[in-house]
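J.: In the numbering used here, the protein residues as written are 7 to 390. Take a look at the following structure, please.
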Amino acid sequence: MVYLDNAATTQKPHQVVEAMTDEYFNVNANVHRGVHFLSQQATDLYEGARDTVRRFLNARSTREIVFTRGTTESINLVASCFGQAFMKEGDEVLITEMEHHSNIVSWQLLQARQGIKIRVLPITDDGELILDNIETFFNERTKIVSITHVSNVLGTVNPVKKIIRIAHEHGVPVLVDGAQSTPHFRVDVQDLDCDFFAFSGHKIYGPTGIGVLYGKEEWLERIPPYMGGGEMIKTVSFEQTTFNDLPYKFEAGTPDYVASTGLARALDYVSSIGIDCIEAYEKELTEYAMQRMMEIPGMKIYGPKDIDKHDAVISFQVGAIHHLDMGTLLDRLGIAVRTGHHCAEPLMHRLGIEGTCRASFALYNTREEVDALVAGIQRVQQMF
Ligand code: 7TS
Numbered sequence: 007m008v009y010l011d012n013a014a015t016t017q018k019p020h021q022v023v024e025a026m027t028d029e030y031f032n033v034n035a036n037v038h039r040g041v042h043f044l045s046q047q048a049t050d051l052y053e054g055a056r057d058t059v060r061r062f063l064n065a066r067s068t069r070e071i072v073f074t075r076g077t078t079e080s081i082n083l084v085a086s087c088f089g090q091a092f093m094k095e096g097d098e099v100l101i102t103e104m105e106h107h108s109n110i111v112s113w114q115l116l117q118a119r120q121g122i123k124i125r126v127l128p129i130t131d132d133g134e135l136i137l138d139n140i141e142t143f144f145n146e147r148t149k150i151v152s153i154t155h156v157s158n159v160l161g162t163v164n165p166v167k168k169i170i171r172i173a174h175e176h177g178v179p180v181l182v183d184g185a186q187s188t189p190h191f192r193v194d195v196q197d198l199d200c201d202f203f204a205f206s207g208h209k210i211y212g213p214t215g216i217g218v219l220y221g222k223e224e225w226l227e228r229i230p231p232y233m234g235g236g237e238m239i240k241t242v243s244f245e246q247t248t249f250n251d252l253p254y255k256f257e258a259g260t261p262d263y264v265a266s267t268g269l270a271r272a273l274d275y276v277s278s279i280g281i282d283c284i285e286a287y288e289k290e291l292t293e294y295a296m297q298r299m300m301e302i303p304g305m306k307i308y309g310p311k312d313i314d315k316h317d318a319v320i321s322f323q324v325g326a327i328h329h330l331d332m333g334t335l336l337d338r339l340g341i342a343v344r345t346g347h348h349c350a351e352p353l354m355h356r357l358g359i360e361g362t363c364r365a366s367f368a369l370y371n372t373r374e375e376v377d378a379l380v381a382g383i384q385r386v387q388q389m390f
């Protein structure tokens, strides 16, 4: 089996699964709730995981690291809580044409509740953001920018640092969707100077059900909690409740403390290999794949041609072969790719297509697997 659906989710290293099994068998107890030995051990693991995430993102403080269920929940949290605190009817959020549904629909829910407006930065036919007239997208109603770091369809690496600088010149904070960037290259939230950053554990060799919202302390202090419940409070009476300190204000209820251990182990795994090594290896592999795939007659690859702007995701279409047929037949040959709109329907409309086939790589993929993909595509082409 050749697994090339890593943008959807990655396979897990032994260390990650073993750390979680070990916690269930040997340390399991609810966190932050007991004076007893096991609860303290579990709490130490949970808070240790938070510090591992802090180091991985180079955040200033663990107060800025909120555990969530994933990128989707992190974006919904910001849309909902930032929206409630800082956006009124007619205020604007600026997104892009290449967003994943999670960074579109979250804002549409806010639109339905509070009458905000969604403005959309356009892209070129090659899938790059058009920034020439970005200034015209800012006005006094612009309250937040919410953009993807890397497109899960086109592989485009967006110049988020530049966009953040421009937004800040207008006094506007920026949320970066890092679901597709964190697994592939170094992210430094202080260097980017983003105000919020979201990513998912399962896309970076960690378990499902856990993700992160990084937020600058000044913003997290100023926005209200997302959900109410245990752990997010200081005191509760029927008349009035006071909220807990950061980051616990945003962590209502029993968290997935076993998954956070798995995530920390996955980040340690990535760091032990070296994220810069991973980036270099995957870049070479993606370049090789693009070259080999372009040898196939009728091949169209979406996204930037320049490999420095193209992450480890290749969306393609071969002649008139429907992407679903291609994906199904590749699967018969033991090759797993994703087909369809990739949760980015507005992007499909922009490109004038219904969907694509998508091969996405991780650090464990090889040139031999790329060769198998190319041979598989050629075989499918012959069948047609
Ligand atoms: N943002 C981007 C850019 C994504 O690629 C995804 C998931 C999400 C947000 C949502 O992440 P989740 O972990 O909360 O679901 N993208 C994909 C994909 O490309 N194929 O399957 C899921």
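Cβ coordinates follow ideal geometry from the N, Cα and C atoms, glycine included. No experiment lies behind these values; they were computed from the predicted model shown.
Count the other C-beta atoms from every protein chain shown that fall within 10 angstroms of the C-beta of Glu134, then say buried if there are 16 or more, exposed otherwise.
T.: Taking the sequence shown and counting its residues from 1, one reaches residue 134 at position 128. That one is buried.
J.: Note down the Cα distance separating Thr58 from Arg344, rounded to an integer number of angstroms.
T.: Looking up residue 58 in the sequence shown gives position 52. Looking up residue 344 in the sequence shown gives position 338. Looking at the two C-alpha atoms, the distance is approximately 31 angstroms.
J.: Need the endpoints of the beta strand (DSSP E) that Thr248 sits in, please.
T.: Within the sequence shown, the letter at position 242 stands for residue 248. Residues 247-249.
J.: For the pair the stretch 61-74 and the stretch 249-266, tell me if three or more CB-CB distances fall below 8 angstroms.
T.: yes
J.: Using the Cα positions of His355 and Gly361, report the straight-line distance between them to the nearest angstrom.
T.: To locate residue 355, count along the sequence shown from 1; it is residue 349. To locate residue 361, count along the sequence shown from 1; it is residue 355. Approximately 9 angstroms, taken between the alpha carbons.
J.: Give a single yes or no on whether Thr267 has its beta carbon closer than 6 angstroms to a heavy atom of the ligand 7TS.
T.: As a position in the sequence shown, residue 267 is number 261, starting the count at 1. No, the beta carbon of Thr267 sits no closer than 6 angstroms to any heavy atom of the ligand 7TS.
J.: Which runs of the beta strand (DSSP E) spanning at least 3 residues fall entirely within the stretch 136-165, listed in chain order?
T.: 148-154
J.: Can you look up Asp28 in the DSSP assignment and give me helix, strand or coil?
T.: As a first step, residue 28 must be located in the sequence shown, where it is residue number 22. For Asp28, the three-state secondary structure derived from DSSP is helix.
J.: Quick one: measure Cβ to Cβ for Ala55 and Ala270, integer angstroms, because I've assumed they're closer than 8 angstroms.
T.: Start at 1 with the first residue of the sequence shown, and residue 55 comes out as number 49. Start at 1 with the first residue of the sequence shown, and residue 270 comes out as number 264. Between Ala270 and Ala55 the Cβ distance is about 4 angstroms, and since that is below 8 angstroms, they are a contact.
J.: Can you check which of these residues, Gly325, Asp274, Pro189, is closest to Ala286 by C-alpha distance?
T.: Start at 1 with the first residue of the sequence shown, and residue 286 comes out as number 280. Among Gly325, Asp274, Pro189, the Cα nearest to that of Ala286 is on Pro189.
J.: Is Phe205 buried or exposed, if buried means 16 or more other CB atoms sit within 10 Å of its CB?
T.: Counting from one through the sequence shown, the residue named residue 205 turns up at place 199. Buried, since its Cβ has 16 or more Cβ neighbours within 10 Å.
J.: Closer than 6 angstroms to a non-hydrogen atom of the ligand 7TS - does that hold for the CB of Gln186?
T.: By one-based count along the sequence shown, residue 186 stands at place 180. Yes - the ligand 7TS has a heavy atom lying nearer than 6 angstroms to the Cβ of Gln186.
J.: Checking 7 angstroms against the spacing of the C-beta atoms, do Gly221 and Asp262 come in under that value?
T.: What you label residue 221 is simply residue 215 of the sequence shown in a count that begins at 1. What you label residue 262 is simply residue 256 of the sequence shown in a count that begins at 1. Going by C-beta atoms, Gly221 is not nearer than 7 angstroms to Asp262.
J.: Should Gly76 be listed as close to the ligand GTP, given that the test is whether its C-beta is under 6 angstroms from any heavy atom?
T.: As far as ligands go, the structure on display features the ligand 7TS and does not contain the ligand GTP.
J.: In whole angstroms, what is the alpha-carbon distance linking Pro213 and Ala48?
T.: Start at 1 with the first residue of the sequence shown, and residue 213 comes out as number 207. Start at 1 with the first residue of the sequence shown, and residue 48 comes out as number 42. Going from the Cα of Pro213 to the Cα of Ala48 covers about 17 angstroms.
J.: Could you check if Asp183 belongs to the surroundings of the ligand 7TS, using beta carbon to heavy atom distance under 6 angstroms?
T.: Translated into the one-based positions of the sequence shown, residue 183 becomes position 177. Correct: Asp183 has its Cβ closer than 6 angstroms to the ligand 7TS.
J.: Between which two residues does the alpha helix (DSSP H) containing Ser206 stretch?
T.: If you number the sequence shown from 1, residue 206 lands on position 200. Per DSSP, Ser206 belongs to no alpha helix (DSSP H); it is in the beta strand (DSSP E), 202-206.
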